[in-house]
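The listed protein sequences correspond, in order, to chains U and C.
Per my numbering, the first sequence starts with residue 66, numbered consecutively.
Per my numbering, the second sequence starts with residue 62, numbered consecutively.
From the three backbone atoms N, C-alpha and C, an ideal C-beta is built for every residue, glycine too.
Notes follow the structure.
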Amino acid sequence: MSEQLQQLGNPSSLHTHGRATRKTLEDAREAIAKKIDCLASEVIFTASGTEANNIALKGLFWNGKKTGKNVVVISSIEHHAILDPAHWLHTHEGAEVVQVPVTTDGVIDLEFLSTLVSDRGSEIAVISIMHSNNETGVLQPVQEIVAIAGDIPVHTDAVQSFTKTPLSYKKSGVTALTLSAHKIGGPLGIGALILRRAFEIPALLHGGGQEREIRSGTLNAPSIVAFATAVNDSYDAKKVCDLRDSFIAGVKRLIPDAYINGEKSDRLPGIVNVTFPGTQSDTLLLLLDGAHVSASTGSACSAGVHEASHVLLAMGHTEESAQSSLRFSFGATSTQADVDFVLSVLPDVISRGRAAHI
Amino acid sequence: MKLIAAMSGGVDSAVAAARAVEAGHEVIGVHLALAANPQKYRSGARGCCTIEDSHDARRAADVIGIPFYIWDMAEEFHDGVVEDFLAEYAAGRTPNPCLRCNEKIKFAAVLDRARAMGFDGVVTGHYARTEIGEKGKTLHRAVDHSKDQSYVLSVLTIEQIQGAIFPLGDTTKVDIRIEAEKRGLAVAQKPDSHDICFVPSGDNAGWLRDRLGSEVGPIVDQDGKKIGEHKGAYTYTIGQRKGLGLTVPTSDGSPRFVLKIEPVTNTVVVGAREDLAITTMRGERPVWCGPAVTEQVEQGFVQIRAHGAALPCTYYFDGTLLVATLKEPLLGLATGQAMVIYDGDRVVGSATISETE
Numbered sequence: 066m067s068e069q070l071q072q073l074g075n076p077s078s079l080h081t082h083g084r085a086t087r088k089t090l091e092d093a094r095e096a097i098a099k100k101i102d103c104l105a106s107e108v109i110f111t112a113s114g115t116e117a118n119n120i121a122l123k124g125l126f127w128n129g130k131k132t133g134k135n136v137v138v139i140s141s142i143e144h145h146a147i148l149d150p151a152h153w154l155h156t157h158e159g160a161e162v163v164q165v166p167v168t169t170d171g172v173i174d175l176e177f178l179s180t181l182v183s184d185r186g187s188e189i190a191v192i193s194i195m196h197s198n199n200e201t202g203v204l205q206p207v208q209e210i211v212a213i214a215g216d217i218p219v220h221t222d223a224v225q226s227f228t229k230t231p232l233s234y235k236k237s238g239v240t241a242l243t244l245s246a247h248k249i250g251g252p253l254g255i256g257a258l259i260l261r262r263a264f265e266i267p268a269l270l271h272g273g274g275q276e277r278e279i280r281s282g283t284l285n286a287p288s289i290v291a292f293a294t295a296v297n298d299s300y301d302a303k304k305v306c307d308l309r310d311s312f313i314a315g316v317k318r319l320i321p322d323a324y325i326n327g328e329k330s331d332r333l334p335g336i337v338n339v340t341f342p343g344t345q346s347d348t349l350l351l352l353l354d355g356a357h358v359s360a361s362t363g364s365a366c367s368a369g370v371h372e373a374s375h376v377l378l379a380m381g382h383t384e385e386s387a388q389s390s391l392r393f394s395f396g397a398t399s400t401q402a403d404v405d406f407v408l409s410v411l412p413d414v415i416s417r418g419r420a421a422h423i
Numbered sequence: 062m063k064l065i066a067a068m069s070g071g072v073d074s075a076v077a078a079a080r081a082v083e084a085g086h087e088v089i090g091v092h093l094a095l096a097a098n099p100q101k102y103r104s105g106a107r108g109c110c111t112i113e114d115s116h117d118a119r120r121a122a123d124v125i126g127i128p129f130y131i132w133d134m135a136e137e138f139h140d141g142v143v144e145d146f147l148a149e150y151a152a153g154r155t156p157n158p159c160l161r162c163n164e165k166i167k168f169a170a171v172l173d174r175a176r177a178m179g180f181d182g183v184v185t186g187h188y189a190r191t192e193i194g195e196k197g198k199t200l201h202r203a204v205d206h207s208k209d210q211s212y213v214l215s216v217l218t219i220e221q222i223q224g225a226i227f228p229l230g231d232t233t234k235v236d237i238r239i240e241a242e243k244r245g246l247a248v249a250q251k252p253d254s255h256d257i258c259f260v261p262s263g264d265n266a267g268w269l270r271d272r273l274g275s276e277v278g279p280i281v282d283q284d285g286k287k288i289g290e291h292k293g294a295y296t297y298t299i300g301q302r303k304g305l306g307l308t309v310p311t312s313d314g315s316p317r318f319v320l321k322i323e324p325v326t327n328t329v330v331v332g333a334r335e336d337l338a339i340t341t342m343r344g345e346r347p348v349w350c351g352p353a354v355t356e357q358v359e360q361g362f363v364q365i366r367a368h369g370a371a372l373p374c375t376y377y378f379d380g381t382l383l384v385a386t387l388k389e390p391l392l393g394l395a396t397g398q399a400m401v402i403y404d405g406d407r408v409v410g411s412a413t414i415s416e417t418e
């Protein structure tokens, strides 16, 4: 990346410097395409996963609207980068948004989707359901969703899954798929939308037309090159799974009333979502951070106040139990010593957290 | 010590947190989200309820280099401070919400939570001092008397004072701003907050009218004769002269003042200036900030407004009420305000004024 930062050329320029940048940028595009199993021409670089989601959801909706399709189908556990554009389409474009519910195990209700498609399939412009959930790690049955959808375009936010679990754009059958570099150890502020070549959707950003006229703007070559480097970083899923399971076993031993959300479902290797009854997650975060452990909660409102996770609420949690839940993440560089350390501080953190929950 | 620094997003609490870090304490910054539906931007001279303020607090914590969290105290604040404020006005009294906030939020809900989590105390940017002497840890006025906030802290019990750290008490406000500038804190020139933080417009009477309604009622003289009408008794204050809208003049042409507010009959009683004079006040629910006041009559000072004068008095506790007798009569004293007793610059204790004569 630092080498690329010294390159002067704009990849859209015709002079020598521009050509040199374009060469490395297109190498990067091919590397990413190879990893996700799509054509290089199907990769549209964006400034974030959020932007890719916005392009896909809005673009596919507007495409459908041309033929009178006004329904947007998402799941109730989507990231805000899908929930909020869907809400915007509702308030600004008159779209009808249908949220597919999830089971208590955190998997979308396929029967609901199937009934919806057979009843109202001709009205649906786009179905967008995430590949795996960012809070629980629960994998969603994307291939079944595509089968149910038939001709309806399907988008999937695969930001959380990319490189962590087998994922092929071609085999999944989706029309569009979102990736983000920082989730795989790449730089912040670079993402990509994988979009089938036949789908020319309306643009959000107009200008130089750099990315298939769908996304204008000078390409961020240094970050794209770094993104491509990160896709080939090794990720030992088996090792991360073992660490996760050892952590879960430890939590259950030390805090007997704690429980794992989505435990019965297929999940990503590196995410564990735990409910610690009788605590408040923001208190636990503070205490864990003080012990040099970083965990996270669902989300915060614009004022920074922790809110009950919409994902856990959709899985049947009460406000109270959703507010008592934390996400722990494990990565390629995590070790058993890390897990043991977290487990060593956890009982004290939980007991203080309970005392402070007045 | 392990301390929680309450950070409003203003200059005082930012410098207080920085000083606590410099004194060698382990400090974590906490911004209290007190408004259920906060506004995005500060407008005018409001306190600490906007999203912009919470960003300012976070930025200050980052510059100081301490962890930062936001604690949602909106429910506690609404129940303990806003509801109390409304109920007091509805009962014809004049409450001080900053005092309630210190009593029920900053040094109760926050301090309790901090202690349960293993912290030793709470740091705030209040202008006040504590001293440790033969009377234990006691509460005192700040060096900068014009900024002194010991009045609104006079509701703290000895136990709460134990857990309270006020790093700014020895410095003037002017110097705090200079220090903030030197420390690279962008809030150095942020304006002071004055108004009640949960009344966004600063229009106290309008805010009360929206919530308590505006029932027209009589303005009467001391003989009970109706001489005018008011638009909601609670928007008046004892001693108020202007804005009464009276058209019937007094026999000698002297002005009239609000003497009494009777919420049950929705009546405002007015009379002559000399009828406002009181020499004795009694207060309920006393709190002692140090050794308890007894039946023994003591010499001291009483203060009845946040930035009011300290009035020479004698005081004692009759077992239920804190009684203060002034050396000189005082004009216009509303019940519901706090009477705070000082021994020199030490805060002895406080009570909520319930009777005057």
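The beta carbon of Glu356/C is closer than 6 angstroms to those of Tyr377 in its chain, skipping five residues each way along the sequence. For Ile217/U, there is no enclosing beta strand (DSSP E), since its DSSP letter is neither H nor E. By the neighbour-count criterion, in which 16 or more other beta carbons inside 10 Å mark a residue as buried, Ile89/C falls on the buried side. When DSSP states are grouped into helix, strand and coil, Arg334/C belongs to the helix group. The C-alpha of Gly251/U is placed about 39 angstroms away from the C-alpha of Ala77/C. Of the other Cβ atoms in all chains shown, fewer than 16 fall within 10 Å of the Cβ of Lys88/U; this residue is therefore exposed. In this structure, Asp117/C places its C-beta atom within 8 angstroms of the C-beta atom of Gly70/C.
Residue contact with chain C for Thr348/U: present (Cβ-Cβ distance below 8 angstroms to some residue of chain C). The C-beta of Gln360/C has fewer than 16 other C-beta atoms within 10 Å across all chains shown, which makes the residue exposed.
With respect to chain C, the C-beta atom of Ala105/U has no partner C-beta closer than 8 angstroms.
Listed in chain order, the non-local C-beta contacts of Pro390/C below 7 angstroms within the same chain comprise Ala338, Ile339 and Thr340, local neighbours out to five positions each way being set aside.
DSSP places Pro412/U within a helical segment (H, G or I) once states are collapsed to three. Judged by DSSP secondary structure, Ala387/U falls within the alpha helix (DSSP H) whose first and last residues are Glu384 to Ala387. Our two residues, Phe227/U and Leu244/U, have alpha carbons roughly 7 angstroms apart in a direct line.
CA-to-CA, the gap between Ser106/U and Thr240/U works out to about 14 angstroms. Counting along the chain, the unbroken alpha helix (DSSP H) around His82/U starts and ends at Thr81 to Ile101. Within the segment 178-209 of chain C, the residues whose Cβ lies closer than 9 angstroms to any Cβ of chain U are, in chain order, Met178 and Gly179. For the pair Tyr295/C and Tyr188/C, the CB atoms are not nearer than the 8 angstroms cut-off.
Under the Cβ criterion of 8 angstroms, Asp123/C is not counted among the residues facing chain U. Ala367/C is not a Cβ neighbour of Tyr130/C, given a cutoff of 8 angstroms. Residues of chain U whose Cβ lies closer than 9 angstroms to the Cβ of Ser69/C do not exist; the shortest such Cβ separation is about 13 angstroms. With fewer than 16 other Cβ atoms inside 10 Å of its own Cβ, Gly126/C counts as exposed.
Rounded to whole angstroms, Asp149/U and Ser288/U show a C-alpha spacing of 26 angstroms. Shown here for Ala151/U: same chain residues with a beta carbon closer than 6 angstroms to its own, the five before and five after excluded, namely Val137, Ile139 and Val162 in chain order. Taking 8 angstroms as the cut-off, the Cβ atoms of Asp205/C and Thr185/C do not count as close. When Lys292/C, Gly393/C, His139/C and Leu64/C are compared, the shortest CA-CA separation from Asp336/C is found for Gly393/C.
Counting other Cβ atoms within 10 Å of its Cβ, Lys292/C stays below 16 and is therefore classed as exposed. Sequence-distant Cβ neighbours of Gly129/U in its own chain, meaning closer than 7 angstroms and more than five residues away, are Ala190 and Val191. Taking the CA atoms as reference points, Ile226/C sits about 12 angstroms from Lys167/C.
Following the DSSP letters along the chain, one finds His92/C inside the beta strand (DSSP E) bounded by residues Glu87 to Ala94. Annotation for Pro334/U: Lys229, Ala302, Val305, Cys306 and Arg309 place their beta carbon closer than 7 angstroms to its own, counting only its chain and skipping 5 residues before and after.
For His291/C, no alpha helix (DSSP H) encloses it; the enclosing beta strand (DSSP E) starts and ends at Lys287 to Lys292. Between Ala379/U and Val207/U, the alpha-carbon positions lie close to 19 angstroms from each other. Within chain U, the residues placing a beta-carbon under 8 angstroms from that of Pro128/C are Leu351, Asp354 and Gly355, ordered along the chain.
Within chain C, the residues Ala177 have their CB atoms less than 7 angstroms from the CB of Ala420/U, given in chain order. Closest in alpha carbon position to Ala241/C, among Ile414/C, Ser74/C and Glu418/C, is Ser74/C.
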